[in-house]
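**Q** Okay, handing you the structure first.
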Amino acid sequence: MTGQAVRYLLVGVSNTAITLVAYALLVATGVPAVAASAVAFLAGAANGYRLNRTWTFRSDRRGAGQGARYLAVLTLGLGLNAIGVALAVHHAGLPKLAGEIVALPPVTAATFVLARSWVFGAGGRPGPGAAVPRPR
0 MTGQAVRYLL VGVSNTAITL VAYALLVATG VPAVAASAVA FLAGAANGYR LNRTWTFRSD
60 RRGAGQGARY LAVLTLGLGL NAIGVALAVH HAGLPKLAGE IVALPPVTAA TFVLARSWVF
120 GAGGRPGPGA AVPRPR
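Counted from 1, the sequence shown has number 72 at position 73 by numbering that gives the first Met the number 0; the numbering is strictly sequential.
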């Protein structure tokens, strides 16, 4: 599971990079900021879905249901992060950047658990070709 968690974090970093680059390119070409943000978020999410399915969790599950579950987890993560930032900034009095830093770890942990168990397979079941430990 530790390897999956590390891969999940690396995928998250790549999602963020893709989102920021797509946003910057879209805004530079004249796309309004909100529309650019939505399209860029979807680009990062598509990257995350693909990499998490094939690399992080090595899931052989496919279909619209899995994609819908992934979007549901992303939406939940977005909501939890907004609540966490609001609590940290408005109730605990932390600076805005510190509020985001405090909110991210529990949200990342929650979305990892949901992605591993609900989106990509029961308990992060290895896909074809993955090493499966044998009982001794």
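For glycine and all other residues, C-beta sits at the position ideal for the given N, C-alpha and C. Since this is a predicted model, take the numbers as computed values, not measurements.
1) Please list, in chain order, all residues of the same chain as Ala21 whose beta carbon is under 7 Å from its beta carbon, the five residues on each side excluded.
2) As a quick exercise: from Leu113, Val26, Ala27 and Thr107, pick the residue whose alpha carbon is nearest that of Val12.
3) Determine the DSSP secondary structure at Gly120, reduced to helix, strand or coil.
4) Taking the CB atoms as reference points, tell me whether Leu50 and Val10 lie closer together than 7 Å.
5) Assuming Gly62 and Ala109 make a contact with CB atoms under 8 Å, what is their CB distance in whole Å?
6) Under 6 Å Cβ to Cβ from Ala80, same chain only, skipping five residues before and after it: list those, please.
7) Which residues in the same chain have their Cβ closer than 6 Å to the Cβ of Ala97, if we skip the five residues on either side of it in sequence?
8) Tell me which residues share the same chain as Ser36 and place their Cβ nearer than 8 Å to its Cβ, disregarding the 5 neighbours each side in the sequence.
**A** Reading it off the structure:
1) These residues qualify, in order along the chain: Val38, Ala39 and Ala42.
2) Minimum Cα distance to Val12 is reached at Thr107.
3) It is coil, neither helix nor strand.
4) Note that the C-beta distance between Leu50 and Val10 is below 7 Å.
5) The beta carbons of Gly62 and Ala109 sit about 24 Å from each other, so the pair does not count as a contact at 8 Å.
6) Note that residue 80 corresponds to Asn in the displayed sequence, not to Ala. So the list reads Ala102 and Val106, once near-sequence residues are dropped.
7) None.
8) Counting only Cβ-Cβ distances below 8 Å, and skipping sequence neighbours, we find Tyr22.
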